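Engineer: Structure incoming, see below.
Numbering (the numbering used here), first residue to last: 1245 to 1424.
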């Protein structure tokens, strides 16, 4: 199987989203010795953490990098919902999205990481542009994601109550998990 993962959020080094995503990808690749991985990274100004990808790339892991701004990808994928992810990463069986954009897919089953629903719970504490982007993304998540990875039971509960997503599509994978 070929698994694609959007690692663009790792450009924001030191954030909870970047740390969670890095650990998840590192552990998936470390424990899975059968599948191939295609890592998608795009940022206009941000750079990829070379220490992170150095240990990952090899015969089973390919890195595809692009110099596209997140706002452009948000327009293409969240608002217009055009240009499938396969145009960037090639054919994949599964594609895992992270925090900012929700690309359409031609054939890949989509899995989405859900960190929180702050844009619904505390909109007064969030920038209006972020609220709009996240709500558009979450509309596509509800319609298209086969599985949604929640970082906590609280996020899972919010996904059920606020977004109306059924329990079978929700799985909790806590931050900071370890192989030991």
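Think of the CB as a built atom: it goes at the ideal place given N, C-alpha and C, for glycine as much as any other residue.
Bear in mind the structure is a predicted one, so any value in this text is a computation, not a measurement.
On the CB-based measure, 16 or more other CB atoms within 10 Å of its CB, does residue 1283 come out buried or exposed?
Structural biologist: Numbered from its first residue, the chain shown carries residue 1283 at position 39. By the neighbour-count rule (16 or more Cβ atoms within 10 Å), residue 1283 is buried.
Engineer: Check whether the stretch 1408 to 1416 and the stretch 1344 to 1352 are in contact - that is, three or more C-beta pairs closer than 8 Å.
Structural biologist: With a cut-off of 8 Å, the stretch 1344 to 1352 and the stretch 1408 to 1416 do not count as touching, because too few Cβ pairs lie within range.
Engineer: Leaving out five residues before and five after residue 1356 in sequence, what residues of the same chain have Cβ atoms less than 6 Å from its Cβ?
Structural biologist: By one-based count along the chain shown, residue 1356 stands at place 112. Correct list, in chain order: 1341, 1385, 1389 and 1392.
Engineer: Using 8 Å as the cut-off, can you tell me whether the stretch 1267 to 1275 makes contact with the stretch 1293 to 1310, which would need three or more C-beta pairs spanning the two stretches below that distance?
Structural biologist: The stretch 1267 to 1275 is in contact with the stretch 1293 to 1310.
Engineer: Please report the straight-line C-alpha distance between residue 1328 and residue 1347, rounded to a whole angstrom.
Structural biologist: The residue given as residue 1328 occupies position 84 in the chain shown. The residue given as residue 1347 occupies position 103 in the chain shown. Approximately 6 Å, taken between the alpha carbons.
Engineer: Just to confirm my understanding: we take residue 1498, look at its own chain, exclude 5 residues before and 5 after, and list those with CB closer than 6 Å. What are they?
Structural biologist: Only positions 1245 to 1424 of the chain appear in the structure, and residue 1498 is not among them; the question remains open.
Engineer: Between the alpha carbons of residue 1189 and residue 1363, how many angstroms are there, rounded?
Structural biologist: Beyond the ends of the chain as shown, which are 1245 and 1424, falls residue 1189; an answer cannot be given.
Engineer: So what does DSSP say about residue 1402, is it helix, strand or coil?
Structural biologist: In the chain shown, residue 1402 corresponds to position 158, counting from 1. It is helical.
Engineer: Evaluate residue 1316 with the Cβ neighbour count: other Cβ atoms within 10 Å of its Cβ, from every protein chain shown; 16 or more gives buried, anything less gives exposed.
Structural biologist: Taking the first residue of the chain shown as position 1, residue 1316 is located at position 72. So residue 1316 ends up on the exposed side.
Engineer: I need the straight-line Cα distance from residue 1400 to residue 1256, nearest angstrom please.
Structural biologist: What you label residue 1400 is simply residue 156 of the chain shown in a count that begins at 1. What you label residue 1256 is simply residue 12 of the chain shown in a count that begins at 1. Their Cα atoms are separated by approximately 24 Å.
Engineer: According to the neighbour-count rule (16 or more other Cβ atoms, all chains shown, within 10 Å of its Cβ), is residue 1281 buried or exposed?
Structural biologist: Here residue 1281 corresponds to residue number 37 of the chain shown, with the count starting at 1. Classification of residue 1281: buried, given that the 10 Å Cβ count is 16 or more.
Engineer: Going straight from the alpha carbon of residue 1378 to that of residue 1305, what length do you get?
Structural biologist: Numbered from its first residue, the chain shown carries residue 1378 at position 134. Numbered from its first residue, the chain shown carries residue 1305 at position 61. Rounded to whole angstroms, residue 1378 to residue 1305 spans 29 Å at the Cα level.
Engineer: Could you check the C-alpha separation between residue 1334 and residue 1285 for me, to the nearest Å?
Structural biologist: Translated into positions along the chain shown, residue 1334 becomes position 90. Translated into positions along the chain shown, residue 1285 becomes position 41. Between residue 1334 and residue 1285, the C-alpha separation is close to 14 Å.
Engineer: Which same chain residues end up closer than 8 Å to residue 1374 when comparing Cβ atoms and leaving out the 5 residues on each side of it in sequence?
Structural biologist: For the purposes of this step, residue 1374 is identified with residue 130 of the chain shown, where counting begins at 1. Excluding sequence neighbours, residue 1374 sits near 1363.
Engineer: Taking the alpha-carbon of residue 1345 as reference, which of 1322, 1303 and 1360 has the nearest alpha-carbon?
Structural biologist: Taking the chain shown and counting its residues from 1, the one referred to as residue 1345 is at position 101. Closest option to residue 1345, Cα to Cα, is 1322.
Engineer: Note down, in chain order, each residue of its chain lying with its Cβ closer than 6 Å to the Cβ of residue 1367, except the 5 sequence neighbours on either side.
Structural biologist: The sequence position of residue 1367 within the chain shown is 123, counting from 1. Once the five neighbours on either side are set aside, the close Cβ partners of residue 1367 are 1375.
Engineer: Around the C-beta of residue 1252, are 16 or more other C-beta atoms found within 10 angstroms, so that it is buried, or is it exposed?
Structural biologist: By one-based count along the chain shown, residue 1252 stands at place 8. Its Cβ being crowded by 16 or more others within 10 Å, residue 1252 is buried.
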